[in-house]
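Structure below.
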């Protein structure tokens with residue numbers, strides 16, 4: 003990594019780092035209007051990219067205007083700053099980052115204690131069966147004969163009266 007330091011003649015330039023990108027991870031696409039061309043990102047920094055293209059694409063480039071760089075699942079609006087073609091045929095482009103055009107993924111509403119309505123496409127019979135089992139268990143434990151022998155009838159009856167009383171106090175305000 004190279005660190006660019008501010009020179010004494012230019013006090014407004016700030017220090018920044020250029021991060022090299024491995025060739026295996028540098029695949030990108032540059033879109034200039036309706037034209038697309040393959041490129042390889044060589045370096046990234048906070049303010050832009052250094053991009054390599056083949057000489058065949060270099061002939062089709064028009065400097066000026068804004069381009070779109072698709073790189074590593076991101077889409078960035080860029081402005082070409084410099085162009086360098088070496089005698090060996092390598093072509094480098096300096097692209098300044100203007101703004102991020104990547105569409106953000108929607109945030110799931112995970113704060114809700116209940117699942118959202120569109121979460122599953124199939125009916126879930128196990129939930130219905132579990133609810134039925136719990137209701138049947140409460141009904142058996144609250145019967146007079148078994149409930150009195152186990153001592154659960156009075157507790158279930160008082161809990162039922164408490165739930166009904168709370169619902170009445172809450173919904174009675176609106177009725």
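Residue numbers (my numbering): 3 to 177.
In this text, a Cβ means the ideal position worked out from N, Cα and C, and glycines have one as well.
Assigned exposure category for residue i - 16 Cβ within 10 Å defines buried
i	result
residue 97	buried
residue 71	buried
residue 30	buried
residue 161	exposed
residue 32	buried
residue 167	exposed
residue 164	exposed
Inter-residue spacing [alpha-carbon to alpha-carbon] between residue i and residue j
i	j	result
residue 141	residue 105	53 Å
residue 49	residue 83	11 Å
residue 44	residue 67	22 Å
residue 155	residue 133	20 Å
residue 147	residue 107	58 Å
residue 86	residue 93	6 Å
residue 157	residue 139	14 Å
residue 152	residue 175	38 Å
residue 173	residue 149	30 Å
residue 41	residue 131	57 Å
residue 178	residue 129	The chain is shown from 3 up to 177; residue 178 falls before or after that span and cannot be answered.
residue 159	residue 137	14 Å
residue 52	residue 99	11 Å
residue 76	residue 21	17 Å
residue 145	residue 170	25 Å
residue 127	residue 135	12 Å
Nearest neighbour of residue i, chosen from the options [CA to CA]
i	options	result
residue 102	85, 108 and 78	78
residue 59	74, 95 and 27	95
residue 36	62, 22, 23 and 168	62
residue 74	26, 100, 88 and 89	26
beta-carbon residue i near the ligand PLP non-hydrogen atom, thresh 6 Å
i	result
residue 148	Summarising the ligand content, the structure contains no ligands, and the ligand PLP is consequently not present.
Inter-residue CB distance, residue i and residue j (contact presumed, cutoff 8 Å)
i	j	result
residue 55	residue 65	Not quite, the Cβ-Cβ distance comes to about 13 Å (not below 8 Å), so this is no contact.
residue 91	residue 57	5 Å
residue 23	residue 46	6 Å
Interface flag, residue i vs chain B, CB-CB below 7 Å
i	result
residue 34	The structure shown contains no chain B; it holds only a single protein chain.
- Quick one: which unbroken alpha helix (DSSP H) runs of 4-plus residues sit fully inside the region 53-118? Chain order, please. Entirely contained in the region 53-118, the alpha helix (DSSP H) runs reaching 4 residues are, in chain order, 57-60.
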